[in-house]
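Participant: Shown below is the structure under consideration.
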Amino acid sequence: MVTGRAGYQSDGMRVIHRSGFPMTDEIIIETRGLTKEFNGFVAVGGVDLQVRRGHIHALIGPNGAGKTTFFNLLTKFLVPTRGKIFFEGIDITSASPAELARRGIVRSFQMSAVFPHMTVLDNVRVGLQRTLGTSFHFWKPVSSLRILDSNAMELLESVDLASFAQRVAVELPYGRKRALEIATTLAMDPQLMLLDEPTQGMSHEDVGRITALIRKVAQNRTVLMVEHNMSVVSTIADRITVLQRGQVIADGSYADVSKDPLVMEAYMGSADSEFASTHSSTH
Ligand SMILES: Nc1ncnc2c1ncn2[C@@H]1O[C@H](COP(=O)(O)OP(=O)(O)OP(=O)(O)O)[C@@H](O)[C@H]1O
Ligand SMILES: [Mg+2]
Numbered sequence: 007m008v009t010g011r012a013g014y015q016s017d018g019m020r021v022i023h024r025s026g027f028p029m030t031d032e033i034i035i036e037t038r039g040l041t042k043e044f045n046g047f048v049a050v051g052g053v054d055l056q057v058r059r060g061h062i063h064a065l066i067g068p069n070g071a072g073k074t075t076f077f078n079l080l081t082k083f084l085v086p087t088r089g090k091i092f093f094e095g096i097d098i099t100s101a102s103p104a105e106l107a108r109r110g111i112v113r114s115f116q117m118s119a120v121f122p123h124m125t126v127l128d129n130v131r132v133g134l135q136r137t138l139g140t141s142f143h144f145w146k147p148v149s150s151l152r153i154l155d156s157n158a159m160e161l162l163e164s165v166d167l168a169s170f171a172q173r174v175a176v177e178l179p180y181g182r183k184r185a186l187e188i189a190t191t192l193a194m195d196p197q198l199m200l201l202d203e204p205t206q207g208m209s210h211e212d213v214g215r216i217t218a219l220i221r222k223v224a225q226n227r228t229v230l231m232v233e234h235n236m237s238v239v240s241t242i243a244d245r246i247t248v249l250q251r252g253q254v255i256a257d258g259s260y261a262d263v264s265k266d267p268l269v270m271e272a273y274m275g276s277a278d279s280e281f282a283s284t285h286s287s288t289h
């Protein structure tokens, strides 16, 4: 059986990369009973969620469902009221944001990691340099700078930005800015990339490009993304968790969750009511 994502074959519980690199069915990140209350209001209420290594996992749900709050809990922007977060089986509930980055959990923010007045190439170089940390110094031979440059160009090529290398970041078209933002995140070589609405506000063409890019970067890493665009979700997500009023109401493949009566009801009359009309589309 072939899963929704090109390049992977699912054989029961095991997912095998077509290049021969075996992907395990291991859980990379897991929450247990994760809860966030704001003055008694339960924004996230006892969420149990498991993300498999190598998956593109989409978190969806109507407005106000608690998706961003859940992301903020994972990335330590918010402290949970209750519950636990495990990364590779280790309890990271009280870990610092720096520790998360060290473990390879990186969240991509809208342009936050991008220096607007630097060139595209320099932005990626800075990202790479930061990752190299103290191993990169000015007294190192010029050859190490060249390595940095070639790595930076390689990264830009991978996100289809090589031809924009010398452009100033702020001048890039919107969709390309989001690609640069993903490139600066990739410079940190994350194991788990968290993307909050990566296609938000994009033209149809840019949505297609970013979707292809996410699929590409997910070939050797895990992606957890909040996404409203159901055609994006149906195209690239290996697994989907649906939140409503802070609770998980469905979890599974797109085919399964899109015909779940609770999910259809949750989306009824909401801005995402296209859910019902897109679920029969390709894949
Ligand atoms: N800091 C806060 N203080 C009080 N209430 C909050 C706070 N942050 C979020 N909420 C509430 O928690 C609920 C969940 O919000 P959240 O932003 O997580 O939803 P969401 O699923 O990301 O929605 P959207 O699809 O609109 O982005 C909402 O009712 C929101 O008003
Ligand atoms: Mg949100």
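Following the working numbering, the numbering of the sequence shown begins with 7 at its first residue and continues without gaps. Backbone N, C-alpha and C fix where the C-beta goes; we use that ideal spot for every residue, glycine too.
Tell me the rounded alpha-carbon separation between Gln225 and Gly46.
Facilitator: Against the sequence shown, residue 225 aligns to sequence position 219. Against the sequence shown, residue 46 aligns to sequence position 40. Taking the straight line from one Cα to the other gives about 41 Å.
Participant: Quick one: residues with CB closer than 5 Å to any heavy atom of ligand 1, in chain order, please.
Facilitator: That query returns the following residues: Phe44, Ala49, Asn69, Gly70, Ala71, Gly72, Lys73, Thr74, Thr75.
Participant: Count the other CB atoms, across all protein chains shown, that sit within 10 Å of the CB of Val263; report buried if there are 16 or more and exposed otherwise.
Facilitator: To locate residue 263, count along the sequence shown from 1; it is residue 257. Classification of Val263: buried, given that the 10 Å Cβ count is 16 or more.
Participant: Looking at the structure shown, is Met124 part of a helix, part of a strand, or coil, going by DSSP?
Facilitator: Within the sequence shown, the letter at position 118 stands for residue 124. Met124: coil per DSSP, three-state reduction.
Participant: Just to confirm, are Leu127 and Ala171 a CB contact at a threshold of 7 Å?
Facilitator: As a working mapping, residue 127 is identified with position 121 in the sequence shown. As a working mapping, residue 171 is identified with position 165 in the sequence shown. Taking 7 Å as the Cβ cut-off, Leu127 and Ala171 qualify as a contacting pair.
Participant: Roughly how many angstroms separate the alpha carbons of Asp202 and Met231, rounded to a whole number?
Facilitator: Translated into positions along the sequence shown, residue 202 becomes position 196. Translated into positions along the sequence shown, residue 231 becomes position 225. Cα to Cα, Asp202 sits roughly 6 Å from Met231.
Participant: Straight-line CA distance for Gly51 to Lys82?
Facilitator: Numbered from its first residue, the sequence shown carries residue 51 at position 45. Numbered from its first residue, the sequence shown carries residue 82 at position 76. So the two alpha carbons sit approximately 17 Å from each other.
Participant: Nearest to Ala71 by alpha carbon, out of Gly252, Met270, Leu268, Gly89?
Facilitator: On the sequence shown, position 65 is the one that residue 71 refers to. Ranking Gly252, Met270, Leu268, Gly89 by Cα distance to Ala71 puts Gly252 first.
Participant: When DSSP builds the beta bridges, which residues end up paired with Asp202?
Facilitator: Within the sequence shown, the letter at position 196 stands for residue 202. Note: Asp202 sits in a beta bridge opposite Val232.
Participant: Please check the pair Ala243 and Ala64, which I expect to be a contact at CB under 8 Å, by giving their CB distance rounded to whole angstroms.
Facilitator: Translated into the one-based positions of the sequence shown, residue 243 becomes position 237. Translated into the one-based positions of the sequence shown, residue 64 becomes position 58. With 8 Å as the limit, Ala243 and Ala64 qualify as a contact, their Cβ atoms being about 4 Å apart.
Participant: In the DSSP assignment, find the unbroken beta strand (DSSP E) run with Val50 in it and report its ends.
Facilitator: One-based indexing of the sequence shown puts residue 50 at position 44. It spans 47–58 - the beta strand (DSSP E) in which Val50 sits, taken as one unbroken run.
Participant: Just the Cα atoms here: how many angstroms apart are Ser2 and Ile33?
Facilitator: Within the shown structure, residues of the chain are numbered from 7 to 289, placing residue 2 beyond reach of any answer.
Participant: Can you have a look at Arg108 and say buried or exposed, based on whether 16 or more other CB atoms are within 10 angstroms of its CB?
Facilitator: Position 102 of the sequence shown, counting from 1, holds the residue named residue 108. Exposed is the call here.
Participant: Report the residue from Ser259, Leu178, Gly67, Ile91 whose alpha carbon sits nearest the alpha carbon of Arg38.
Facilitator: In the sequence shown, counting from the first residue as 1, residue 38 sits at position 32. Out of Ser259, Leu178, Gly67, Ile91, Ile91 has the C-alpha closest to the C-alpha of Arg38.
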